[in-house]
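Just below is one structure, and these are the notes that go with it.
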Amino acid sequence: MTSIDPFAPVELQHPGAGLSLHILPYGLIPHRLLLNVRQDGPLHPSSGIEGGGSATHDLLTGPEEPNHHQTYGRSFFGPVIGRYANRLPAGKQKYGHGQEMLVPVWGGENLCLHGGPASGPNGGPPVSLPLISQDDVPLQEGPLDTIVWTPLSNVSKAELFKDQDLSDPVNGSKAPQGSARVFAINHRPSSDGSGPPVTLRIEALIAVQGPSDPAVSSEDVPPLGLSAGKVRIEYRAEQRRSGKEEAVPTPLNLTHHWAFNLSASDPSARQTEKGTIEQHELRMLVRGKEEERTLELDSRSVPLGQLKAADGEYDFHATGKEGFGRLIGEKAPPGGHDHWHGWGPTLPKGEARTVLRSPLTKIGVLFSTDQSGVQLYCATGQPAYPATSSKGGPKKRLHRSEKDTDEGKLGNHLHSACFLEFAHPHATALFEPLQKWAGTDTLLREGRTYRAFVQAEVYEP
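In terms of my numbering, the sequence shown opens at residue 546 and continues consecutively.
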């Protein structure tokens, strides 16, 4: 039987959308999000022009080749993060009603970053990946970004989703063939005794959907343009105890570490912004009595269990000049943007919560979610331009300038992406004040189903 190729993109398209999404089974990585934009006026030879006067934009930052996500280390350009986003204090941690788990060190002193160490050198990606047959979902362990997810051939093979779940939740329309896929893993605790205590079945429904009907952005922001369609990622999980595992609550807080740049594919905008997102507009949508909050952190950026007002350089709830928010590069905390921003409990059906827009290309994305906040990261860990390719691999050809000819200096650089990771606060399971504020303890109990989602609706001028 044919084995799954971890780096063969699963391409999702919808006949009513101008989007094409490429998902890798390895790490469940959105490798490309392609948008075809109508092009008026003279066409630039390096803009990825297709026939008929349209330009192709790849809205996601990352390496050119799919396998670079493994061969160039864990640079986190896009993968799923878990079991618990984003940072946790390492060591023995108590949670729930006297439960305890051993959180492994990785990413810094007494810190567990992005699920902890993988099996490769220095906690990096595995040297070899398992051979998995079609629709087989074997037990695997380790951080979710280094696991091979099984793309199920049919939703009937899923355990946590049914056929009707593939329908557009806004207008109820059925999913056309090739527009949606369910990916699955069976995730067991680490063999060294670290990590969450119970085996889980985790599935993710990823879909490209048509534009909203009516195609309006949100009553909270001005019109963003013409909707090109939506990308929806929905997670579900349940306990699947095996062996001598006990039925204990297990912390779970999933997210995607996808990296957006809405102007890097446009030669003129790329030259103006130098390939960065510093001139992108960003706005967090807070309503009524809500207040944008951010986490109190220690020197390792590990949360201390308290929230503070997102004022000054942390403030992204301002409407900005045009209503789409302020420029990302206008001001930033020391060390740059790498902080969680929250608004509080959200309706289970989700709400529009974040706007990202490039004033130069006028491409915008409206994010909806059922989560209480989002981690904003602006590639502050990447080297300055021109960046070495050794950290994350060479950048995509659509994101390169004609002057980028040095093969060793083609890496994705400082501020080359806006990462938006929707989830509950880091370490919510460990701190009661965060649980009260978020409206959840983020513990998955036996007999219950974990649910979370994010939706990104893309707008073109």
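We treat Cβ as the ideally placed atom computed from N, Cα and C, and that holds for glycine.
Asked, Found
"E779: which of R838, D737 and Q916 sits nearest, CA to CA?", "Q916"
"On the DSSP bridge assignment, give the partners of Q980 in chain order.", "DSSP lists no partner for Q980."
"According to DSSP, simplified to helix, strand and coil, what is D708?", "helix"
"From G984 to E835, what does the alpha carbon distance come to, in whole angstroms?", "14 Å"
"Just confirm the distance between the C-beta atoms of R832 and T864, as a whole number of angstroms; I'd bet it's less than 8 Å.", "The Cβ separation is near 13 Å, so there is no contact."
"How big is the Cα-Cα spacing for N699 and E686?", "24 Å"
"My guess is that I626 and T800 are in contact by the Cβ rule of under 8 Å, so how many angstroms apart are they, rounded?", "5 Å"
"Can you find at least 3 beta carbon pairs, one from the region 720-733 and one from the region 555-567, that sit closer than 8 Å?", "yes"
"Using 10 angstroms around the beta-carbon of L676, count the other beta-carbons present and answer buried if the total reaches 16, otherwise exposed.", "exposed"
"Rounded to whole angstroms, how far is the Cβ of T925 from the Cβ of G895, which I believe are closer than 8 Å?", "Not confirmed; about 29 Å, so no contact."
"Mind checking N631: buried by the 16 CB within 10 Å criterion, or exposed?", "buried"
"In whole angstroms, what is the alpha-carbon distance linking P878 and L959?", "15 Å"
"For the beta strand (DSSP E) containing R583, list its first residue and its last residue.", "I574 to R583"
"Nearest CA to the CA of G938: which residue from E947, S946 and P928?", "P928"
"Looking only at C-alpha atoms, which of V682, H642 and D690 sits nearest to G661?", "D690"
"Taking the alpha carbon of Q638 as the reference point, which residue from I692, G740 and Y859 has its own alpha carbon closest?", "G740"
"On a CA-only basis, which of E977, E952, L604 and E858 is nearest Q851? Give me that one, please.", "E977"
"Under the DSSP definition of a beta bridge, which residues are partnered with R902?", "E826 and G909"
"Since V919 contacts E966 with CB under 8 Å, what's their CB separation in whole angstroms?", "6 Å"
"Among S736, A972, T994 and R996, which one has its Cα closest to the Cα of C657?", "A972"
"Give the DSSP-derived three-state secondary structure of P590 in the structure shown.", "Its pLDDT being 36, under 50, P590 is placed unreliably in this model, and the value from its coordinates should be taken loosely. Coil, per DSSP."
"Spatial neighbours of Q679 within its chain, please: C-beta separation below 7 Å, excluding the five flanking residues on both sides.", "M546, T547, I549 and S698"
"Quick one: grab the DSSP three-state call for L769.", "coil"
"As an exercise, report each continuous alpha helix (DSSP H) stretch of at least 4 residues that is fully enclosed by the region 955-1004, in chain order.", "977-983"
"Less than 8 Å between the C-beta atoms of P848 and P688, yes or no?", "no"
"Determine the closest residue to A974 out of R838, D681, G641 and G563, with distance taken between C-alpha atoms.", "G641"
"Start and end of the beta strand (DSSP E) containing H886?", "D883 to G887"
"Looking only at its own chain, which residues have a Cβ that is under 6 Å from the Cβ of G770, when we skip the five neighbours before and after it?", "Y1004, E1005 and P1006"
"Using alpha carbons as the reference points, say which of G889, P608 and H825 lies closest to G870.", "H825"
"With a CB to CB cut of under 7 Å and the five nearest residues on each side skipped, what residues in its chain are close to V793?", "Q644, P742 and V743"
"Assign S548 to one of three DSSP states: helix, strand, or coil.", "strand"
"Determine the burial state of Q816: buried for a count of at least 16 other Cβ atoms within 10 Å of its Cβ, exposed for fewer.", "exposed"
"Out of M646, S903 and R838, state which residue places its alpha-carbon closest to the alpha-carbon of S813.", "S903"
"Can the beta-carbon of L901 be found less than 8 Å from the beta-carbon of L807?", "yes"
"Excluding five sequence neighbours on each side, which residues of the same chain lie with their C-beta closer than 6 Å to the C-beta of D883?", "Y922 and T925"
"Exposed or buried, what is A553 when buried is set at 16 or more other beta-carbons lying within 10 Å of its beta-carbon?", "exposed"
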